[in-house]
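Novice: Residue numbers (the numbering used here): -7 to 418.
Ideal Cβ positions, reconstructed from N, Cα and C, are used throughout, including at glycine.
Every value quoted in this text rests on a predicted model; they were computed, and no experiment measured them.
Have a look at the structure that comes next, please.
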Ligand code: GDP
Ligand code: IMO
Ligand code: MG
């Protein structure tokens, strides 16, 4: 059975967790393929809220094997705390599997992340300070320490020593900080984390392929989003991994022919946390409406998310680079009370119209959005359970987005709850 990818099409927090959880009911395995605990995925089931950072959003189903793939960066302390938290919420994480090839986030990565941000001053990226960038940098520099290294004390200590040789010079000589103590780290990670994680560590590539060959159905859960992608996002205001659908191949260890469905998650408006260009950003009452009604505060860091109108130029780009087969529009209910809904259909810069994302980013920084205005519906959609109950204005809005992006809409979210979704036949 081929696999399905869930990918964010904007700047994150589109509702990937909720839709992964929903689609996971039909899956046997859910794999996180990149990112780390910079993600915050919220699931609301029967009034109970689950906030996930590392554990895949399929974890709530006993029939699903949740897998943390090789492309993820794992902070073992955070992972164990999350497993404990899920345990207190009545969720069994015994089936969770973690790739031995995934890289570890260690305390010095987090420290370096914060120091780099402070050093950048007003040019800071606004990272989550979870150590994501430094951990991926160590991976690229080939001084990273992998999850499988936790299984062998000698190797772990040797690699840690080698990594710290460089890192401690940077900490002390560049940032004027104290050096990190290798023994303290080894004691905690080998002594406390490794024994608890060992039963979960495995060859997830073998696991994924055995599942595919046995006819199982695999869902690949993206974190972050297309415009935070290291290659395709608004660089340098991006994360350090590849959230796009292609990242699902490298981050889970499968080839493109194993994927036959890519669901792009798009919020009915746009939000962004952290710095970087945002053509349709709003600083007015409508923006406040999106933040207040949509509860747009980070699950992870509590930061207020920057709000803006839906941007179909972005979605066209996301459709291309992810080869989206369908869109899931989330938070349509947040637009309920608006009389007029604007949708950005193109940009204008230097007297030129851009229907596609401008290739040069300095252009993106100075574009003016070109909007089309649509009528609001003035009806509470949160209780709507069937497409036939949607007001005509909402249908017109969805048809307009579909037409602009050129990708069919398969699902529409009308509330945070697992069942507050309308499924469209595609
Ligand atoms: P993710 O990072 O993409 O998984 O998204 P987050 O979980 O960070 O943010 C999405 C927020 O919107 C969460 O609080 C969800 O519970 C909520 N949400 C998801 N879909 C809908 C929807 O259709 N309507 C409303 N009102 N809330 C939604
Ligand atoms: P989910 O999966 C929204 C943003 C940060 C910052 C940039 C780089 O919940 O959608 P990093 O810590 O990754 O080096 O920060 O990326 N960012 C997110 N924004 N949702 C996320 O995840 C994000 N993960 C990282 O705010 O601008
Ligand atoms: Mg989130």
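Return the chain-ordered ranges of every beta strand (DSSP E) run that is complete within the segment 262 to 347 and spans a minimum of 3 residues.
Specialist: Within the segment 262 to 347, the complete beta strand (DSSP E) runs of at least 3 residues are 262 to 264, 298 to 300, 318 to 322, 332 to 341 and 344 to 346.
Novice: Three or more C-beta pairs closer than 8 Å, one from the segment 51 to 65 and one from the segment 8 to 27: is that the case here?
Specialist: Yes, since at least three Cβ pairs between the segment 51 to 65 and the segment 8 to 27 fall closer than 8 Å, the two stretches touch.
Novice: Candidates 216, 72 and 174: which alpha carbon is nearest residue 85's?
Specialist: Taking the chain shown and counting its residues from 1, one reaches residue 85 at position 93. Residue 85 has its Cα closest to that of 72, out of 216, 72 and 174.
Novice: Where does residue 155 sit, in a helix, a strand or coil, going by DSSP?
Specialist: As a working mapping, residue 155 is identified with position 163 in the chain shown. Of the three classes helix, strand and coil, the one that applies to residue 155 here is helix, per DSSP.
Novice: If residue 325 sits next to residue 406, beta carbons under 8 Å apart, how far is it from one beta carbon to the other, in whole angstroms?
Specialist: Along the chain shown, one-based indexing puts residue 325 at 333. Along the chain shown, one-based indexing puts residue 406 at 414. Between residue 406 and residue 325 the Cβ distance is about 5 Å, and since that is below 8 Å, they are a contact.
Novice: What three-state label does DSSP hand residue 38 in the structure shown?
Specialist: Translated into the one-based positions of the chain shown, residue 38 becomes position 46. Reduced to three states, the DSSP call for residue 38 is coil.
Novice: If we count the other Cβ atoms within 10 Å of its Cβ and call it buried at 16 or more, is residue 218 buried or exposed?
Specialist: Locating residue 218 in the chain shown gives position 226, where the first residue counts as 1. By the neighbour-count rule (16 or more Cβ atoms within 10 Å), residue 218 is buried.
Novice: Count the CB pairs spanning the segment 207 to 224 and the segment 235 to 252 that are closer than 8 Å, and state whether there are at least three.
Specialist: The segment 207 to 224, when compared against the segment 235 to 252, does touch it at the 8 Å Cβ threshold.
Novice: Applying the 10 Å Cβ sphere with the 16-neighbour rule, what's the burial state of residue 404?
Specialist: Counting from one through the chain shown, the residue named residue 404 turns up at place 412. With 16 or more other Cβ atoms within 10 Å, it is buried.
Novice: Tell me where the alpha helix (DSSP H) around residue 16 begins and ends.
Specialist: Sequence index remark: in the chain shown, residue 16 carries index 24 (1-based). Where residue 16 is concerned, the enclosing alpha helix (DSSP H) stretches over 8 to 16.
Novice: Does ligand 1 have a heavy atom nearer than 7 Å to the CB of residue 257?
Specialist: Looking up residue 257 in the chain shown gives position 265. Yes, Cβ of residue 257 sits closer than 7 Å to a heavy atom of ligand 1.
Novice: Tell me which residues share the same chain as residue 332 and place their Cβ nearer than 8 Å to its Cβ, disregarding the 5 neighbours each side in the sequence.
Specialist: Start at 1 with the first residue of the chain shown, and residue 332 comes out as number 340. Same-chain partners within the cutoff: 365, 366, 367 and 368.
Novice: Suppose you measure from the CA of residue 250 to the CA of residue 205; what does that come to, to the nearest Å?
Specialist: Mapped onto the chain shown, residue 250 falls at position 258. Mapped onto the chain shown, residue 205 falls at position 213. Between residue 250 and residue 205, the C-alpha separation is close to 11 Å.
Novice: Would you mind listing the alpha helix (DSSP H) stretches within the segment 192 to 274 that are 4+ residues and don't spill past its ends, in chain order?
Specialist: Taking only runs of at least 4 residues, the alpha helix (DSSP H) segments lying wholly in the segment 192 to 274 are 196 to 205 and 237 to 244.
Novice: Kindly indicate which three-state DSSP category residue -5 falls into: helix, strand or coil?
Specialist: As a working note, residue -5 is residue 3 in the chain shown. Residue -5 falls in the strand class under three-state DSSP.
Novice: What residues in its chain sit with their C-beta under 6 Å from that of residue 255, if we drop five residues either side in the sequence?
Specialist: Taking the first residue of the chain shown as position 1, residue 255 is located at position 263. If we look at residue 255 and ignore the five residues flanking it on each side, its Cβ neighbours are -2, 318 and 320.
Novice: Under 8 Å, do residue 0 and residue 265 count as touching if we go by C-beta distance?
Specialist: Within the chain shown, residue 0 is the residue found at index 8, counting from 1. Within the chain shown, residue 265 is the residue found at index 273, counting from 1. Contact: no.
Novice: From the DSSP output, which residues share a beta bridge with residue 182?
Specialist: Along the chain shown, one-based indexing puts residue 182 at 190. Residue 182 is not bridged to any residue.
Novice: Helix, strand or coil for residue 43? Go by DSSP, reduced to three states.
Specialist: Stepping through the chain shown from its first residue, residue 43 is reached at position 51. If DSSP states are grouped into helix, strand and coil, residue 43 belongs with the strands.
Novice: Using CA coordinates, which residue listed in 39, 167 and 384 is at the minimum distance from residue 112?
Specialist: Within the chain shown, the letter at position 120 stands for residue 112. Minimum Cα distance to residue 112 is reached at 167.
Novice: Do residue 376 and ligand 2 come close, with the Cβ less than 7 Å from some heavy atom?
Specialist: Indexing the chain shown from 1 puts residue 376 at position 384. No - ligand 2 has no heavy atom lying nearer than 7 Å to the Cβ of residue 376.
Novice: What are the complete alpha helix (DSSP H) segments, minimum 4 residues, inside the segment 108 to 164?
Specialist: Here the runs fully enclosed are 124 to 133 and 145 to 161.
Novice: Taking the Cβ atom as the reference point for each residue, do residue 299 and residue 279 lie within a distance shorter than 8 Å?
Specialist: Position 307 of the chain shown, counting from 1, holds the residue named residue 299. Position 287 of the chain shown, counting from 1, holds the residue named residue 279. Taking 8 Å as the Cβ cut-off, residue 299 and residue 279 qualify as a contacting pair.
Novice: Answer with buried or exposed for residue 131, where buried requires no fewer than 16 other C-beta atoms within 10 angstroms of its C-beta.
Specialist: Within the chain shown, residue 131 is the residue found at index 139, counting from 1. Flag for residue 131 reads buried.
Novice: Find the nearest neighbour of residue 7 within the set 42, 315 and 18, judged by alpha-carbon distance.
Specialist: On the chain shown, residue 7 is found 15 positions in, with the first residue counted as 1. Looking at the Cα atoms, 42 is the closest of the given residues.
Novice: Provide the residue span of the alpha helix (DSSP H) that contains residue 166, from first to last.
Specialist: Translated into positions along the chain shown, residue 166 becomes position 174. Element bounds for residue 166: n/a, residue is neither H nor E.
Novice: With respect to 7 Å, is the separation between the Cβ of residue 146 and the closest non-hydrogen atom of ligand 1 below this value?
Specialist: The sequence position of residue 146 within the chain shown is 154, counting from 1. Outside the cutoff, so no.
Novice: Given a threshold of 16 other Cβ atoms within 10 Å of its Cβ, counted over all protein chains shown, does residue 351 qualify as buried or as exposed?
Specialist: Numbered from its first residue, the chain shown carries residue 351 at position 359. So residue 351 counts as exposed.
Novice: Within the present structure, is the beta-carbon of residue 372 separated from the nearest heavy atom of ligand 1 by less than 7 Å?
Specialist: Residue mapping note: residue 372 aligns to position 380 of the chain shown, counting from 1. Incorrect: residue 372 has no Cβ contact closer than 7 Å to ligand 1.
Novice: Taking a contact to mean a Cβ-Cβ separation below 8 Å, would you say residue 127 touches residue 153 in this structure?
Specialist: Taking the chain shown and counting its residues from 1, the one referred to as residue 127 is at position 135. Taking the chain shown and counting its residues from 1, the one referred to as residue 153 is at position 161. No, these two residues do not count as a Cβ contact at 8 Å.
Novice: Starting from residue 397, trace the alpha helix (DSSP H) in both directions and tell me its first and last residue.
Specialist: For the purposes of this step, residue 397 is taken as residue 405 along the chain shown, with counting starting at 1. Run containing residue 397: 384 to 397, per the alpha helix (DSSP H) assignment.
Novice: What residue range does the alpha helix (DSSP H) around residue 70 cover?
Specialist: The residue you call residue 70 lines up with position 78 of the chain shown. From DSSP, the alpha helix (DSSP H) with residue 70 extends over 68 to 80.
Novice: From residue 396 to residue 308, what does the alpha carbon distance come to, in whole angstroms?
Specialist: The sequence position of residue 396 within the chain shown is 404, counting from 1. The sequence position of residue 308 within the chain shown is 316, counting from 1. Whole-angstrom Cα-Cα distance: 8 Å.
Novice: Is it right to say residue 227 is buried, meaning 16 or more other beta carbons lie within 10 angstroms of its own, or is it exposed?
Specialist: Here residue 227 refers to the residue found at position 235 of the chain shown. Exposed: under 16 other Cβ atoms inside 10 Å.
Novice: Hey, would you say the C-beta of residue 136 is under 7 Å away from at least one heavy atom of ligand 2?
Specialist: Within the chain shown, the letter at position 144 stands for residue 136. Not so, every heavy atom of ligand 2 lies at least 7 Å from the Cβ.
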